[in-house]
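Here the structure comes first, spelled out in structure tokens, and everything after it is commentary.
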Amino acid sequence: MRLLGELLGRVISESGGAALLRDVERLRSLVIRARDDDRYERDAERLVASWPLERAEQVARAFACYFHLANLAEEHHRARVIRERDRGSDPVPESIAATVGQLRRRLGPKRLQDLVTRLEIHPVFTAHPTEARRRAIVTAIRRAGEQLERLDDPRIADSERLESERRLVEEVDSLWRTAQIRTTQIHPLDEVRSFMAVFDETLFRILPELMRSLDRALAGDATGTRAPQAPRFIRIGSWIGGDRDGNPVVTAAVAAATMEIQAEHILLALEAAATRIGRALTVDSTTTPPSSALRRRLAAARKADASRIDAIVARSSEEPHRVFLLHVAGRIAATRTGKGRLAYRSAADLLRDLHALRDSLTEAGAARLAYGELQHLIWQAETFGFHLAELEVRQHSKVHDAALAEVRSGKSRSEATKDVLDTMRAMAAMQARFGVTSCSRYVVSFTRGAPDLAAVYELASRATDGNPPVLDVVPLFETREDLAQATEVMDEVLKLAPVRRRLAANGRRIEVMLGYSDSAKEVGPVSATLALHDAQAALTAWAKHHRLRLTLFHGRGGALGRGGGPANRAVRAQAPGSVAGHFKVTEQGEVIFARYGNPAIARRHLEQVTSAVLEASTAGASRADPARRFRELASAMDGPSRAAYRALVDAPGFEEWFLRVSPIEELSGLRIASRPARRSVGRRLEDLRAIPWVFAWSQMRLNLPGWYGMGSGLSAAPLTELRRAYAEWPLFNVMLDNTEMSLAKTDRRIAE
Numbered sequence: 002m003r004l005l006g007e008l009l010g011r012v013i014s015e016s017g018g019a020a021l022l023r024d025v026e027r028l029r030s031l032v033i034r035a036r037d038d039d040r041y042e043r044d045a046e047r048l049v050a051s052w053p054l055e056r057a058e059q060v061a062r063a064f065a066c067y068f069h070l071a072n073l074a075e076e077h078h079r080a081r082v083i084r085e086r087d088r089g090s091d092p093v094p095e096s097i098a099a100t101v102g103q104l105r106r107r108l109g110p111k112r113l114q115d116l117v118t119r120l121e122i123h124p125v126f127t128a129h130p131t132e133a134r135r136r137a138i139v140t141a142i143r144r145a146g147e148q149l150e151r152l153d154d155p156r157i158a159d160s161e162r163l164e165s166e167r168r169l170v171e172e173v174d175s176l177w178r179t180a181q182i183r184t185t186q187i188h189p190l191d192e193v194r195s196f197m198a199v200f201d202e203t204l205f206r207i208l209p210e211l212m213r214s215l216d217r218a219l220a221g222d223a224t225g226t227r228a229p230q231a232p233r234f235i236r237i238g239s240w241i242g243g244d245r246d247g248n249p250v251v252t253a254a255v256a257a258a259t260m261e262i263q264a265e266h267i268l269l270a271l272e273a274a275a276t277r278i279g280r281a282l283t284v285d286s287t288t289t290p291p292s293s294a295l296r297r298r299l300a301a302a303r304k305a306d307a308s309r310i311d312a313i314v315a316r317s318s319e320e321p322h323r324v325f326l327l328h329v330a331g332r333i334a335a336t337r338t339g340k341g342r343l344a345y346r347s348a349a350d351l352l353r354d355l356h357a358l359r360d361s362l363t364e365a366g367a368a369r370l371a372y373g374e375l376q377h378l379i380w381q382a383e384t385f386g387f388h389l390a391e392l393e394v395r396q397h398s399k400v401h402d403a404a405l406a407e408v409r410s411g412k413s414r415s416e417a418t419k420d421v422l423d424t425m426r427a428m429a430a431m432q433a434r435f436g437v438t439s440c441s442r443y444v445v446s447f448t449r450g451a452p453d454l455a456a457v458y459e460l461a462s463r464a465t466d467g468n469p470p471v472l473d474v475v476p477l478f479e480t481r482e483d484l485a486q487a488t489e490v491m492d493e494v495l496k497l498a499p500v501r502r503r504l505a506a507n508g509r510r511i512e513v514m515l516g517y518s519d520s521a522k523e524v525g526p527v528s529a530t531l532a533l534h535d536a537q538a539a540l541t542a543w544a545k546h547h548r549l550r551l552t553l554f555h556g557r558g559g560a561l562g563r564g565g566g567p568a569n570r571a572v573r574a575q576a577p578g579s580v581a582g583h584f585k586v587t588e589q590g591e592v593i594f595a596r597y598g599n600p601a602i603a604r605r606h607l608e609q610v611t612s613a614v615l616e617a618s619t620a621g622a623s624r625a626d627p628a629r630r631f632r633e634l635a636s637a638m639d640g641p642s643r644a645a646y647r648a649l650v651d652a653p654g655f656e657e658w659f660l661r662v663s664p665i666e667e668l669s670g671l672r673i674a675s676r677p678a679r680r681s682v683g684r685r686l687e688d689l690r691a692i693p694w695v696f697a698w699s700q701m702r703l704n705l706p707g708w709y710g711m712g713s714g715l716s717a718a719p720l721t722e723l724r725r726a727y728a729e730w731p732l733f734n735v736m737l738d739n740t741e742m743s744l745a746k747t748d749r750r751i752a753e
């Protein structure tokens, strides 16, 4: 941090002069001293008041850059620690290797393999709230981080070190000169492109590393020499470009454009990987003869495009495996551009080619080449397909009610209704081009009953003249009341004919989404946490009774006041039996770059989640139910905590006070997201979304949604019982730790 601070000081001095740097340092010194002496706080206020607007903006920019660099230094240190821990002889705690080793000793190889076969980690990336920093700022920070990585490398020469130091100064200078705030309203496709940066730089790269980690943990030194034991256990989903709940800018056209952008990026990535691996696959036909199946494919390739095959053969005349993989790369390129007969019809066709190549290498005795880098490419193609991420659509149940009423009446249709119908057609078109999994999930916000799901099926049928896309309509339960009635609603959902048909086709898999943000905003963090846990337990028992394979989709926010916190600990706090090998969760825009901006941190995050899911899915974890032992404690805390929270937000004048003292209006006007801060034009708290609600409290440094009501709940229970619960009940442990973390981040002096 000292290095980055010194470089920023140099850049500020060079750009704005020594006087600007003195003002920055003077304010910094006064603020530090004000922590212990109020007199310095008044001095700081007078200093800021004495500056003209231009100077105040310059100083504000200096501190913004400083905090960006401080966060970068912290992230860089985390990545360095992760690498250092991984150099030891023992597996890192909460890693895939450590957890698989422990489970092998406890369960035995067969039960472990059965558990791994069911494993599925399914992060779903969202744009709300959008990363507050401009993409240009994030990119500048990443470039500076790359130079820090180079400076950490003990192998670089002095000349390389000097060049990296020069580049680092250049990147800090670029950060200083880049506008911090967007001047135009962000568009949903801007949010899509920001997500694509995460895919390009992190997700595509770390996916095979995660797969290899699991396979190595299962197979040991044999990994890479035979067929992998690790299944494809990562699935990537996205709401970015598909979440239209309260966002009129997200339309059917936006969803279609989103899929085109995603396809462009994944096809470019697959093409580059196939080309790179193909160029290195220089084995000749004497040492590694091609199989008869591969020879037939090569003959078909020559028949389809003789000139291209001849051009490749001219450079690699006795290297049939290399020729074929470079031909595959060319077909991927043709798929991307949409030109010629070479284009693949589907990712399944690509995988058949890759499997044929792998089988040929295996038959020739080149198992290491078959299950090495080529296997990485196969894993990437299996996971991302030609669509990159499964695009999910979300819309409010009331929108469907209005649309269905208009369609049934036969009257003229509003623009909102037209877009609902266009969205169904767009989903059908995406499925026809990229496969059913590319866009089949339709999440219904504020689900109150089975008719809310039935409306979606009917609208889809009417929009497509009775040939609807394959739909997995997912109910989203968000309020405390809706969470409590979830199983009753799902009983009625099972009676819907489209649901029964889908269950018969998909192996009786069903999905239910639980909303963390709105429930916490409604009843406070304690009552919401307990209501969500009860809903998980009830739905798990309900699914078992109906012999269904239930996936609970956790709509967790990034902030603690919206269900955020360490994801691996959250997994361990789920209701017993509810994980069952799979965990689906939203990765909110505000934390995407924090978790996935650095490949080392992203891999560690997903390893920790995978580790927790494996542990939570064992039979012992499924049977253990500490919530039963502490049911009376939970009941004792629930009422008082909820009453305290509601007494605050329902107090006369609270809404007016909140609007006056918080920066909510200023935040609502910032161009940091495509979605409005309010569900309607009203100014009531009910109209305010949970995201800006929590954001405003965090900017006030009170973080109230993360802790208010906990004290009243704790006061209602005996201390000895609370201590027992903290030691024995993971949910209570996590809830209390998150409250402590939220309180630690508050600052009453700033709030006042």
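Counting along the sequence shown from 1, when you hit position 653 you're at 654 in the numbering used here, and nothing is skipped either side. Glycine is no exception: its CB is placed at the ideal position from the N, C-alpha and C atoms.
- ASN468 and SER462 have their C-alpha atoms spaced approximately 6 Å apart.
- LYS585 carries a strand assignment under DSSP once its states are collapsed to helix, strand and coil.
- Each residue's CA atom was taken as its position, placing ARG106 and VAL586 some 29 Å apart.
- Less than 7 Å separates the beta-carbon of PRO189 from that of VAL250.
- Under the DSSP assignment, ILE122 falls in the beta strand (DSSP E) whose first and last residues are 121 to 126.
- Excluding its 5 nearest sequence neighbours in each direction, HIS401 has C-beta neighbours in its own chain below 8 Å: VAL421, VAL445, ASP453, ALA456, VAL457, LEU460, listed in chain order.
- For SER528, the closest alpha carbon among the candidates LEU352, PRO706, ARG409, ALA404 is that of PRO706.
- Here TRP658 is exposed. Its C-beta has fewer than 16 other C-beta atoms within 10 Å.
- Around the CB of ARG43, fewer than 16 other CB atoms lie within 10 Å, so the residue is classed as exposed.
- With respect to ALA61, ALA45 sits apart: the two C-beta atoms are not nearer than 7 Å.
- If only uninterrupted alpha helix (DSSP H) runs of at least 4 residues are considered, those enclosed by the region 505 to 586 are 518 to 524, 526 to 546, 568 to 573.
- Secondary structure at SER713: helix, using DSSP grouped into helix, strand and coil.
- For ALA538, the closest C-alpha among the options ARG194, ALA20, THR488 is that of THR488.
- The DSSP assignment places 189 to 199, 205 to 220 as complete runs of the alpha helix (DSSP H) inside the region 172 to 260, in order along the chain (cut-off: 4 residues).
- Where PRO290 is concerned, there is no enclosing alpha helix (DSSP H), because DSSP gives it neither an H nor an E.
- Under the DSSP assignment, LEU495 falls outside any beta strand (DSSP E); it carries neither an H nor an E label.
- A Cβ-Cβ distance of about 17 Å is found for the pair HIS547 and ALA576, leaving them out of contact under the 8 Å criterion.
- Distances from the alpha-carbon of ALA635 to those of GLU722, GLU374, THR363 put GLU722 closest.
- For LEU477, the enclosing beta strand (DSSP E) begins and ends at 473 to 478.
- LEU689 has its alpha-carbon roughly 18 Å from the corresponding atom of ALA648.
- Nearest C-alpha to GLU172 among PRO155, GLU147, ILE182, SER160: GLU147.
- Rounded to the nearest whole angstrom, the CA to CA distance from ALA198 to GLN263 is 11 Å.
- The residue among GLU166, GLU479, VAL474 with its C-alpha nearest the C-alpha of PHE447 is GLU479.
- Distances from the CA of SER618 to each of GLY279, LEU108, ARG23, SER30 were compared; the closest alpha carbon is that of LEU108.
- Sequence-distant partners of LEU744 (beyond 5 residues in either direction) whose C-beta falls short of 7 Å from its own C-beta, in its chain, are TRP708.
- Shortest Cα-Cα distance from LEU375 to any of MET425, GLY225, ALA637, LEU660 involves GLY225.
- DSSP places TYR646 inside the alpha helix (DSSP H), whose first and last residues are 632 to 650.
- For SER518, the closest C-alpha among the options GLN609, ALA532, ARG509 is that of ALA532.
- Cβ atoms of VAL324 and ILE310 come within 8 Å of each other, at about 7 Å.
- Relative to GLU493, the option among ARG369, PRO476, ILE379 whose CA is nearest is PRO476.
- Scanning the region 17 to 98 from its first residue to its last, the whole alpha helix (DSSP H) runs of 4-plus residues come out as 19 to 35, 39 to 51, 54 to 87.
- In this structure, VAL614 and VAL580 form a Cβ contact; the two beta carbons are roughly 6 Å apart against a cut-off of 8 Å.
- THR418 and ALA404 do touch by the CB rule: their CB atoms are close to 4 Å apart, below 8 Å.
- The Cβ neighbour count for GLN396, taken over all protein chains shown within 10 Å, is at least 16; the residue is labelled buried.
- The DSSP-derived three-state label of ARG323 is helix.
- Taken through DSSP and simplified to helix, strand or coil, GLN376 comes out as helix.
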